[in-house]
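Going by the UniProt record's numbering, 268 is the number at position 268 of the sequence shown; the sequence numbering is gapless. Beta carbons: idealized from backbone N, C-alpha and C, even for Gly. On a predicted model such as this, the values are computed, not experimentally measured, just so you know. Only one structure is covered here, and it is reproduced in the block below.
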Amino acid sequence: MSAVNLLGLDLDSLAAYCEQLGEKRFRATQLFRWIHQKGASDFAQMSDLAKSLRDKLAGRAHISALPVITEQVSADGTIKWLFDVGQGNAVEAVYIPEDDRATLCISSQAGCAVGCRFCSTGHQGFSRNLETWEIVAQLWWAEHSLRKRLGATQRIISNIVMMGMGEPLQNYGALVPALRIFLDDHGYGLSRRRVTVSTSGVVPMIDRLREDVPVALAVSLHAPNDALRDQLVPLNRKYPIAELLASCVHYLDKAPRDFITFEYCMLDGVNDTLEHAQELVALLRGKVPCKLNLIPFNPFPASGLVRSSRERVSAFADVLLRAGLVTTVRKTRGDDIDAACGQLAGEVQDRTRVHQRLLRPVVVVQAGSS
Ligand code: SF4
Numbered sequence: 001m002s003a004v005n006l007l008g009l010d011l012d013s014l015a016a017y018c019e020q021l022g023e024k025r026f027r028a029t030q031l032f033r034w035i036h037q038k039g040a041s042d043f044a045q046m047s048d049l050a051k052s053l054r055d056k057l058a059g060r061a062h063i064s065a066l067p068v069i070t071e072q073v074s075a076d077g078t079i080k081w082l083f084d085v086g087q088g089n090a091v092e093a094v095y096i097p098e099d100d101r102a103t104l105c106i107s108s109q110a111g112c113a114v115g116c117r118f119c120s121t122g123h124q125g126f127s128r129n130l131e132t133w134e135i136v137a138q139l140w141w142a143e144h145s146l147r148k149r150l151g152a153t154q155r156i157i158s159n160i161v162m163m164g165m166g167e168p169l170q171n172y173g174a175l176v177p178a179l180r181i182f183l184d185d186h187g188y189g190l191s192r193r194r195v196t197v198s199t200s201g202v203v204p205m206i207d208r209l210r211e212d213v214p215v216a217l218a219v220s221l222h223a224p225n226d227a228l229r230d231q232l233v234p235l236n237r238k239y240p241i242a243e244l245l246a247s248c249v250h251y252l253d254k255a256p257r258d259f260i261t262f263e264y265c266m267l268d269g270v271n272d273t274l275e276h277a278q279e280l281v282a283l284l285r286g287k288v289p290c291k292l293n294l295i296p297f298n299p300f301p302a303s304g305l306v307r308s309s310r311e312r313v314s315a316f317a318d319v320l321l322r323a324g325l326v327t328t329v330r331k332t333r334g335d336d337i338d339a340a341c342g343q344l345a346g347e348v349q350d351r352t353r354v355h356q357r358l359l360r361p362v363v364v365v366q367a368g369s370s
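Written out as structure tokens, the structure reads:
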């Protein structure tokens with residue numbers, strides 16, 4: 001039997017695992033805290049665990065990070081890590097520091113099957129779902145390597161957004177335990193308000209998330225009607241806007257925030273006219289408590305799409321604001337390292353280039369010791 005990577009076990013699963021080894025639940029709690037709060041990767045470091053348990057674990061389990069292919073630091077402090085997930089696949093996580101928070105954007109899949117027209121990940125196609133440990137390892141690495149680098153003893157990352165590569169609700173089985181680890185007081189202790197799942201609209205899974213782990217929800221809307229959304233977000237053909245909005249309203253009675261965030265990528269001449277803005281007002285006002293986030297499109301050659309002008313975005317936002325819809329325009333961060341939204345792992349499909357990068361020396365700080 002292959003050794004278990006303990007990064008993938010939420011506290012209940014770790015307790016069940018420890019029980020199989022003849023250990024009580026409080027031992028699992030201690031172990032969990034060593035892993036997630038202290039970033040330990042070596043059982044020998046875990047000084048308050050009985051030596052007999054450490055010996056048992058050493059033969060059967062491990063705590064292993066994802067190999068880092070590259071780390072890029074932007075002039076604005078944004079950091080992007082490219083992680084190797086095997087067989088020529090790589091995923092990215094992006095750290096975005098701001099004055100009042102520090103957000104980590106995490107990937108849930110290598111590639112994505114949804115195929116949104118404006119998304120470079122979607123253009124790459126789908127490789128595979130990440131396992132729970134691979135999702136958690138992105139936070140584990142970011143948090144503990146940054147703590148070491150900054151000499152910090154307190155938690156650094158305050159917010160998580162599941163907005164990296166992949167559609168998280170199409171990897172639901174791996175996502176839910178990862179969210180539980182993020183929220184657990186013995187793990188990262190993040191509040192449900194500070195963990196956001198972003199979806200293109202997998203309606204049955206939004207309903208399940210409401211029951212299982214109702215964290216904050218962001219929905220990639222991108223169009224005010226089905227005819228246009230069918231083209232931009234192909235999943236709309238399966239779950240059209242009316243169904244999607246109904247499930248959003250239903251979600252809100254258990255959500256930690258009293259609004260849904262709708263993401264709207266601004267595409268020149270496609271979805272950015274004043275008529276589109278008015279249609280959006282008619283669709284949402286008084287129907288779904290929400291905030292709108294207008295995202296400047298990050299062009300990539302295969303898309304054939306162009307970013308809306310600043311003036312157009314501002315006129316569009318004006319229509320929404322005057323109608324009373326809370327609207328923000330997303331700042332682009334990490335442009336110089338291609339870390340902006342929709343640019344993640346833009347080169348990953350080109351496996352030769354990934355392979356070449358694997359051969360390059362990478363300087364990174366070490367996580368995993370306390
Ligand atoms: S926007 Fe999200 S759901 Fe759509 S293709 Fe990109 S990663 Fe997939």
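Spatial neighbours of Leu78 within its chain, please: C-beta separation below 6 Å, excluding the five flanking residues on both sides.
As a position in the sequence shown, residue 78 is number 78, starting the count at 1. According to the sequence shown, residue 78 is Thr rather than Leu. Excluding sequence neighbours, Thr78 sits near Ile96, Arg333, Gly334 and Ala339.
Look at the alpha carbon of Gly164 and the alpha carbon of Gln109, and state the distance between them as a whole number of angstroms.
On the sequence shown, residue 164 is found 164 positions in, with the first residue counted as 1. On the sequence shown, residue 109 is found 109 positions in, with the first residue counted as 1. Approximately 9 Å, taken between the alpha carbons.
So which residues put a beta carbon under 5 Å from any heavy atom of the ligand SF4, going in chain order?
Cys112, Val114, Cys116, Cys119, Thr121, Gly122, Glu167 and Ser200
Taking only three categories from DSSP, how would you classify Met205?
In the sequence shown, residue 205 corresponds to position 205, counting from 1. Three-state DSSP puts Met205 in a helix.
Taking the alpha-carbon positions, what's the Glu98 to Glu23 distance?
Against the sequence shown, residue 98 aligns to sequence position 98. Against the sequence shown, residue 23 aligns to sequence position 23. If you take the alpha carbons of Glu98 and Glu23, they lie about 42 Å apart.
Does the beta-carbon of Leu321 have 16 or more other beta-carbons within 10 angstroms, so that it is buried, or is it exposed?
Here residue 321 is taken as the residue at index 321 of the sequence shown, counted from 1. It counts as exposed.
Can you tell me whether Val348 is helix, strand or coil according to DSSP?
The count along the sequence shown starts at 1 and reaches residue 348 at position 348. Note that Val348 has pLDDT 40, beneath the 50 cutoff, so the model's placement of it is unreliable and no number is given.
Do the CB positions of Phe262 and Pro289 come within less than 8 Å of each other?
Taking the first residue of the sequence shown as position 1, residue 262 is located at position 262. Taking the first residue of the sequence shown as position 1, residue 289 is located at position 289. It is not a contact, given that the beta carbons lie outside the stated cut-off.
Excluding five sequence neighbours on each side, which residues of the same chain lie with their C-beta closer than 6 Å to the C-beta of Val326?
Taking the first residue of the sequence shown as position 1, residue 326 is located at position 326. Here the set comprises Lys291.
Leu280 (DSSP reduced to helix, strand or coil)
Locating residue 280 in the sequence shown gives position 280, counting from the first residue. Reduced to three states, the DSSP call for Leu280 is helix.
What's the gap between the Cα of Glu347 and the Cα of Cys116?
Residue 347 sits at position 347 when you count from the first residue of the sequence shown. Residue 116 sits at position 116 when you count from the first residue of the sequence shown. With a pLDDT of only 43 at Glu347, under 50, the local geometry of the prediction cannot be trusted, and the value read off the model is given with reservation. If I take the Cα positions, the gap works out to 17 Å.
My assumption, with CB atoms under 8 Å, is that Glu143 sits in contact with Ile156. Please give the rounded CB distance.
Position 143 of the sequence shown holds residue 143. Position 156 of the sequence shown holds residue 156. Yes, Glu143 and Ile156 are in contact; Cβ-Cβ is about 6 Å, under 8 Å.
Distance, Cα to Cα, Ser309 vs Phe83?
In the sequence shown, residue 309 corresponds to position 309, counting from 1. In the sequence shown, residue 83 corresponds to position 83, counting from 1. Taking the straight line joining both Cα atoms gives about 34 Å.
What does DSSP give as the partner residues of His62 in its beta bridges?
Translated into positions along the sequence shown, residue 62 becomes position 62. According to DSSP, His62 bridges with Asn5.
Taking only three categories from DSSP, how would you classify Ile181?
In the sequence shown, counting from the first residue as 1, residue 181 sits at position 181. Helix.
Can you tell me whether DSSP reads Asp100 as helix, strand or coil?
Position 100 of the sequence shown, counted from the start, is the residue given in the question as residue 100. The answer is coil: DSSP assigns Asp100 none of H, G, I, E or B.
So, are the CB atoms of Ala15 and Ala28 less than 8 Å apart?
One-based indexing of the sequence shown puts residue 15 at position 15. One-based indexing of the sequence shown puts residue 28 at position 28. Contact flag set, yes.
Please go through the same chain and pick out, in chain order, the residues whose beta-carbon is closer than 6 Å to the beta-carbon of Tyr172, but skip the five residues on each side of it.
As a first step, residue 172 is located in the sequence shown; it is residue number 172 there, counting from the start. Here the set comprises Met205.
Residues bridged to Leu291 by DSSP?
Along the sequence shown, read from residue 1 onward, the residue named residue 291 stands at position 291. The sequence as given places Lys at residue 291; Leu does not occur at that position. Thr261 and Val326.
Would you mind giving the Cβ-Cβ distance between Gly201 and Val213, rounded to the nearest angstrom? I have them listed as a contact below 8 Å.
Within the sequence shown, residue 201 is the residue found at index 201, counting from 1. Within the sequence shown, residue 213 is the residue found at index 213, counting from 1. In fact, because the Cβ distance is near 18 Å, the residues do not count as touching under 8 Å.
So Val270 and Pro296 are in contact, right, with Cβ under 8 Å, and what is the actual spacing, rounded?
For the purposes of this step, residue 270 is identified with residue 270 of the sequence shown, where counting begins at 1. For the purposes of this step, residue 296 is identified with residue 296 of the sequence shown, where counting begins at 1. That pair is no contact at about 14 Å.
Ile135 vs Ala178 beta-carbon contact at 8 Å
Numbered from 1 along the sequence shown, position 135 holds the residue referred to as residue 135. Numbered from 1 along the sequence shown, position 178 holds the residue referred to as residue 178. Closer than 8 Å, so yes.
Cys18 in three-state terms, based on DSSP:
Translated into positions along the sequence shown, residue 18 becomes position 18. Residue state, collapsed to three classes: helix.
Which residues does DSSP list as the beta-bridge partners of Val249?
Position 249 of the sequence shown, counting from 1, holds the residue named residue 249. Answer is none; Val249 lacks a bridge partner.
Please list, in chain order, all residues of the same chain as Val306 whose beta carbon is under 8 Å from its beta carbon, the five residues on each side excluded.
The residue given as residue 306 occupies position 306 in the sequence shown. Counting only Cβ-Cβ distances below 8 Å, and skipping sequence neighbours, we find Leu267, Asp268, Gly269, Phe297 and Pro299.
Can you tell me which of Lys148, Gln170, Gly151 and Leu183 puts its alpha carbon nearest to the alpha carbon of Ser158?
On the sequence shown, residue 158 is found 158 positions in, with the first residue counted as 1. Of Lys148, Gln170, Gly151 and Leu183, the residue nearest in Cα terms is Leu183.
Quick one: what does DSSP say Tyr188 is sitting in, helix, strand or coil?
Translated into the one-based positions of the sequence shown, residue 188 becomes position 188. If DSSP states are grouped into helix, strand and coil, Tyr188 belongs with coil.
Secondary structure of Thr199, DSSP reduced to three states
Here residue 199 is taken as the residue at index 199 of the sequence shown, counted from 1. It is a strand residue.
Within 10 angstroms of its Cβ, does Leu7 collect 16 or more other Cβ (buried), or is it exposed?
Walking along the sequence shown from the start, residue 7 turns up at place 7. It is buried - the Cβ of Leu7 has at least 16 other Cβ atoms within 10 Å.
Would you mind stating whether Leu66 and Met46 have Cβ atoms separated by less than 8 Å?
Taking the sequence shown and counting its residues from 1, the one referred to as residue 66 is at position 66. Taking the sequence shown and counting its residues from 1, the one referred to as residue 46 is at position 46. Not in contact: Leu66 and Met46 (Cβ atoms no closer than 8 Å).
Mind checking whether Val281 and Val319 have CB atoms under 8 Å apart?
Along the sequence shown, read from residue 1 onward, the residue named residue 281 stands at position 281. Along the sequence shown, read from residue 1 onward, the residue named residue 319 stands at position 319. Yes, the pair counts as a contact, with Cβ atoms nearer than the cut-off.
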